[in-house]
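Notes to accompany the following structure.
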Amino acid sequence: MLIALTSAKGSPGVSTAGLALVLSWQRRATLAELDPAGGEVLAGYGRAQLPAGGLGELAFAARRGGLEQQLFAHLLRLDEAGRALLLPGLVDPGAARGIDWNRLAAALTGLDEQGTDVLADCGRLRSERYPIPVLQRAAAVVLVTGSTLRAVHAAKLSIADLRTLVPEAPGGGGALCALVVGPGEPYSAREVGDALGMPVIGVLPRDPKAASVLSDGAPASRLFTQSVLLRAARTAAADLAEFAAARHDRLAPTPRPIPASNAGSSRGR
Ligand SMILES: Nc1ncnc2c1ncn2[C@@H]1O[C@H](COP(=O)(O)OP(=O)(O)O)[C@@H](O)[C@H]1O
Ligand SMILES: [Mg+2]
Numbered sequence: 059m060l061i062a063l064t065s066a067k068g069s070p071g072v073s074t075a076g077l078a079l080v081l082s083w084q085r086r087a088t089l090a091e092l093d094p095a096g097g098e099v100l101a102g103y104g105r106a107q108l109p110a111g112g113l114g115e116l117a118f119a120a121r122r123g124g125l126e127q128q129l130f131a132h133l134l135r136l137d138e139a140g141r142a143l144l145l146p147g148l149v150d151p152g153a154a155r156g157i158d159w160n161r162l163a164a165a166l167t168g169l170d171e172q173g174t175d176v177l178a179d180c181g182r183l184r185s186e187r188y189p190i191p192v193l194q195r196a197a198a199v200v201l202v203t204g205s206t207l208r209a210v211h212a213a214k215l216s217i218a219d220l221r222t223l224v225p226e227a228p229g230g231g232g233a234l235c236a237l238v239v240g241p242g243e244p245y246s247a248r249e250v251g252d253a254l255g256m257p258v259i260g261v262l263p264r265d266p267k268a269a270s271v272l273s274d275g276a277p278a279s280r281l282f283t284q285s286v287l288l289r290a291a292r293t294a295a296a297d298l299a300e301f302a303a304a305r306h307d308r309l310a311p312t313p314r315p316i317p318a319s320n321a322g323s324s325r326g327r
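Have a look at this one:
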């Protein structure tokens with residue numbers, strides 16, 4: 059399933075949250091860096107790794123057709139086991155102009171068949187060349203927000219916009235949810251959820267040391283995986299997966315096998 063992460067003005071932390079979540083995901087997952095302003099994981103977490111593959115090359119290669127077939131070959135491993143994968147983002151933000159977000163969103167949704175969920179870092183809401191179709195196809199759209207007065211104010215202003223972009227699921231139950239980075243500054247996660255009128259699927263505490271490993275490739279201590287940030291990310295990842303799965307099933311109900319005795323009849327469905 060495809061899950062979109064985005065942020066409003068005044069709330070940094072969406073890329074760090076995306077990376078923390080993909081490294082904590084229970085199934086295999088791909089972090090797709092779709093921020094039209096460019097990718098940052100290879101430069102930060104990857105410690106200035108030279109860009110290889112990634113969205114820019116994929117979009118270029120796909121001009122000859124076959125985006126779906128080429129997508130998997132453009133993913134990099136974030137861990138030894140290849141449980142966490144990365145579609146590195148654009149190096150040149152200007153290249154966002156040439157990307158067909160609709161086709162890309164469809165191809166990312168198709169990674170399901172390879173047993174891979176996708177967490178798409180869409181960057182700041184409504185930046186230029188924003189990947190709207192990715193939000194529209196996502197089983198969950200996560201607004202990553204801080205808890206300061208300024209952050210909650212900006213998040214609130216973005217909600218009307220989000221609601222027009224993201225359709226309600228046929229059976230009701232919106233795809234929109236919030237992830238609160240640094241709760242208690244001063245608002246609690248519950249207060250943020252109430253103010254935004256959407257469920258809060260998780261909370262990531264302020265943890266500058268662990269965050270700098272993810273955002274800037276700072277050396278990870280032995281205790282990195284047990285840091286408050288990574289522990290919270292594991293809980294948030296499980297809760298987000300559950301939230302998205304409920305809507306994903308409604309979006310694309312799995313065809314139930316028709317028992318042999320019912321074959322040819324419309325009953326039993
Ligand atoms: N939970 C956190 N605790 C402390 N610092 C954080 C946290 N999340 C992000 N940061 C820091 O905030 C800065 C911006 O984060 P980033 O994820 O790159 O923001 P964005 O992608 O929204 O621009 C980075 O320096 C990062 O280390
Ligand atoms: Mg970012």
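Taking this note's numbering, the leading residue of the sequence shown gets 59, the next gets one more, and so forth.
For glycine and all other residues, C-beta sits at the position ideal for the given N, C-alpha and C.
These figures come from a predicted structure and were not determined experimentally.
The closest CA to that of Trp83, considering only Gly232, Ala154 and Leu143, is found on Leu143. For Arg280, the secondary structure class from DSSP, reduced to helix, strand or coil, is coil.
Chain order is used for the residues whose beta-carbon lies nearer than 7 Å to a heavy atom of ligand 2, namely Val72, Ser73, Asp93, Glu98, Asp179 and Gly181. Within the chosen limit of 7 Å, ligand 1 reaches the beta carbon of Arg264 through at least one heavy atom. C-alpha of Val224 to C-alpha of Thr64: approximately 12 Å in a straight line.
Contact annotation: Ala197 and Leu77 have beta-carbon atoms that are not nearer than 8 Å. Counting other Cβ atoms within 10 Å of its Cβ, Arg195 reaches 16 or more and is therefore classed as buried. Using a 10 angstroms sphere on the CB of Phe301, the tally of other CB atoms reaches 16 or more, which defines it as buried. When only Cα atoms are considered, Gly124 and Arg86 end up about 23 Å apart. Annotation for Asp175 indicates a beta carbon at 7 Å or more from all heavy atoms of ligand 1.
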